[in-house]
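Numbering (the working numbering), first residue to last: 10 to 320. First the structure, in the form of structure tokens, and then the observations on it.
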């Protein structure tokens, strides 16, 4: 009787241990799945909402952007949407907290393209650029102004332009982004005009903490040619009082060094030489010379010419 009871107890204990083991394995699997999906489950805003936050911040519509990618990632234990895209002129990078929708970091850099000249408004033409000697390079030091209000990237840009004494219409930005240096959040700007290059670092209170300015190397410019070779010839013919059918054109040539056209033609016994300014179309030089007519008694054969040459 005691043997039967002991055997039953052993069977019951084995089944109990097995059931507990299976339950433990199940709980471990559930916990592992929860851990792996924690980045996704902690996202309280959708991808579309993250896109709208970034586009609203930079002032663009979704129809105005291209090359866009967005992924949900984890940084320092925080779920973050990484949203990269381009406009027609700049490339943007945004990191947005997937739980709160807060913009953690953002950057904006100009795409490679030549600087554009845009007409300045009457208010901007009064903005005189100070000489480079007045824009001191280096780190700016001093006491904070006591204003805790933060400035936006666009406001910081305006501060840099005002300090440099230039208008936005007259510059090309190659960098405009928010960055962190030595634990301090700053705005980085790099831009240039036709003559100078500038670099600025501005903190979130709008204080310039670093600036540099230097002259740009000048490249040789192409002469201005406002009129074509054909127009220059027409101007010369009009001055001579002749039409195209009345002349034989000997030369029409462009002189790049002096930015002018050299033209020669003749009509009947008269020979003409002209120099025409390629920029303005003005006649710089005109000459007319009568050629001596050749009589029939002066014409010699090729044999006679050869004999004279050998004599």
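By construction, the Cβ of each residue, glycine as well, lies at the ideal position given by its N, Cα and C atoms.
query = By Cβ distance below 7 Å, which residues in the same chain neighbour residue 299 in space, the five residues on each side in sequence not counted?
reply = Excluding five sequence positions before and after residue 299, the CB atoms of its chain that fall closer than 7 Å to its own CB belong to 278 and 279, given in chain order.
request  = Go ahead and label residue 57 buried or exposed: buried means 16 or more other beta carbons lie within 10 angstroms of its beta carbon, across all protein chains shown.
outcome  = Per the 10 Å Cβ criterion, exposed.
inquiry  = I need the straight-line Cα distance from residue 208 to residue 268, nearest angstrom please.
reply    = Roughly 38 Å separates the two Cα atoms.
ask   = By Cβ distance, which residues of its chain are closer than 7 Å to residue 253, with the 5 residues on each side in sequence left out?
value = So the qualifying residues of the chain are 246.
ask   = With 16 other CB atoms within 10 Å as the buried threshold, where does residue 210 fall?
value = It is buried - the Cβ of residue 210 has at least 16 other Cβ atoms within 10 Å.
inquiry  = Whole angstroms are fine: how far does the CA of residue 174 sit from the CA of residue 275?
reply    = Here the alpha carbons of residue 174 and residue 275 stand approximately 58 Å from one another.
Reduced DSSP secondary structure (H/G/I, E/B, other) of residue 267 = Note: residue 267 maps to coil in three-state DSSP.
query = Taking the continuous beta strand (DSSP E) assigned at residue 116, which residues delimit it?
reply = Residues 112-119.
query = Of all the CB atoms in chain C, is at least one closer than 8 Å to the CB of residue 195?
reply = This model lacks chain C altogether, as it is built from one protein chain only.
request  = Could you pull out every residue in the same chain whose Cβ sits closer than 7 Å to the Cβ of residue 251, ignoring the five residues on either side in sequence?
outcome  = For residue 251, where only same-chain residues beyond five positions count, the Cβ hits under 7 Å are 276.
key: Cut-off 7 Å between Cβ atoms - residues of its own chain near residue 99, not counting five sequence neighbours on either side   = Excluding positions up to five away in sequence, the list reads 117, 118, 119 and 120.
key: Spatial distance of residue 244 from residue 264 (CA atoms)   = Answer to the nearest angstrom: the Cα atoms are 17 Å apart.
ask   = If you follow the alpha helix (DSSP H) that residue 59 is part of, which residue opens it and which one closes it?
value = For residue 59, the enclosing alpha helix (DSSP H) covers residues 56-67.
request  = Would you mind reading off the limits of the beta strand (DSSP E) that contains residue 95?
outcome  = First-last of the beta strand (DSSP E) with residue 95: 87-95.
query = Can you find a heavy atom of the ligand PLP that lies under 7 Å from the Cβ of residue 84?
reply = In the structure on display, the ligand PLP does not appear, and there are no ligands present to speak of.
request  = Would you decide whether residue 45 is buried or exposed? Buried here means 16 or more other CB atoms lie within 10 Å of its CB.
outcome  = Its pLDDT being 45, under 50, residue 45 is placed unreliably by the model, and the measurement read from it follows with that caveat. Flag for residue 45 reads exposed.
ask   = Secondary structure at residue 70, three-state DSSP: helix, strand or coil?
value = When DSSP states are grouped into helix, strand and coil, residue 70 belongs to the coil group.
ask   = Among all the DSSP beta bridges, which residues are the ones paired with residue 279?
value = Beta-bridge analysis with DSSP links residue 279 to 276 and 299.
inquiry  = Nearest by alpha-carbon distance to residue 102: which of 87, 108, 75 and 281 is it?
reply    = Distances from the CA of residue 102 to each of 87, 108, 75 and 281 were compared; the closest alpha carbon is that of 75.
DSSP beta-bridge partners of residue 205 = Answer is 224, bridged to residue 205.
ask   = Helix or strand or just coil, what does DSSP make of residue 29?
value = It is helical.
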